[in-house]
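Residues in the sequence shown are numbered from 290 upward in steps of one, following our numbering.
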Amino acid sequence: MRQSQKGMSFFGWLAVITLIVFGLVIVMKLAPIYMDHFSLRKIVTSVNEDPTLTINSLRDMNRHIERGMQINSIRDINASEAIEVTASGTDTYTVVIKYEVRSPLLNTVDLLVHFDETHIVRPIK
Numbered sequence: 290m291r292q293s294q295k296g297m298s299f300f301g302w303l304a305v306i307t308l309i310v311f312g313l314v315i316v317m318k319l320a321p322i323y324m325d326h327f328s329l330r331k332i333v334t335s336v337n338e339d340p341t342l343t344i345n346s347l348r349d350m351n352r353h354i355e356r357g358m359q360i361n362s363i364r365d366i367n368a369s370e371a372i373e374v375t376a377s378g379t380d381t382y383t384v385v386i387k388y389e390v391r392s393p394l395l396n397t398v399d400l401l402v403h404f405d406e407t408h409i410v411r412p413i414k
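Written out as C-alpha cells, the structure reads:
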C-alpha cells in the first residue's frame, strides 16, 4: 500500500525560505530610504503646523529644511539638488522634492527608488 506525501518536501521548504530571505533583504534595503523620505516630507509639512516657526523668506525656508535634515540625520539626500523652494505668493512657498536613490541589491542589480512630490507650504503667523 502506497502512502501519500504529507507536507512539503525539502526542496519546497528551501524554495519558500529562499523567497522569504530575498524579500527580507529587499525590505531591509528599502526601509531606510523610505524612512528618510517620510522624515523629509514631515520637515517640509511641519511649517504648516508649527506656529513657533518664523519663516519670512526663501532663505528661512531652506534653513529650516537643512536644519531638520541635520537633526534627523538625513545624509543620503543632497538638499541643494533634491529640493527646490520657490515663493508662490504672499507667505506661500512651493516645495518640490525630486530625487532618486539607488541601493545595490546584488552584483549588477540595483534598487532604484524615485521620489517626485510638490508641497504648498503656508507658515502659520
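Note that CB positions come from ideal geometry on N, CA and C, so glycine has one too.
By the CB criterion at 8 Å, residue 344 and residue 353 fall inside the cutoff. Here residue 297 is exposed. Its C-beta has fewer than 16 other C-beta atoms within 10 Å. Distance from the CA of residue 390 to the CA of residue 405, rounded to the nearest whole angstrom, comes to 12 Å. When beta bridges are read from the DSSP output, residue 393 appears opposite 399. By DSSP's assignment, residue 376 forms a beta bridge with 382.
For residue 358, the enclosing alpha helix (DSSP H) has its first and last residue at 347-360.
Less than 8 Å separates the beta-carbon of residue 388 from that of residue 371. Taking every protein chain shown into account, the CB of residue 358 has 16 or more other CB atoms within 10 angstroms, so this residue is buried.
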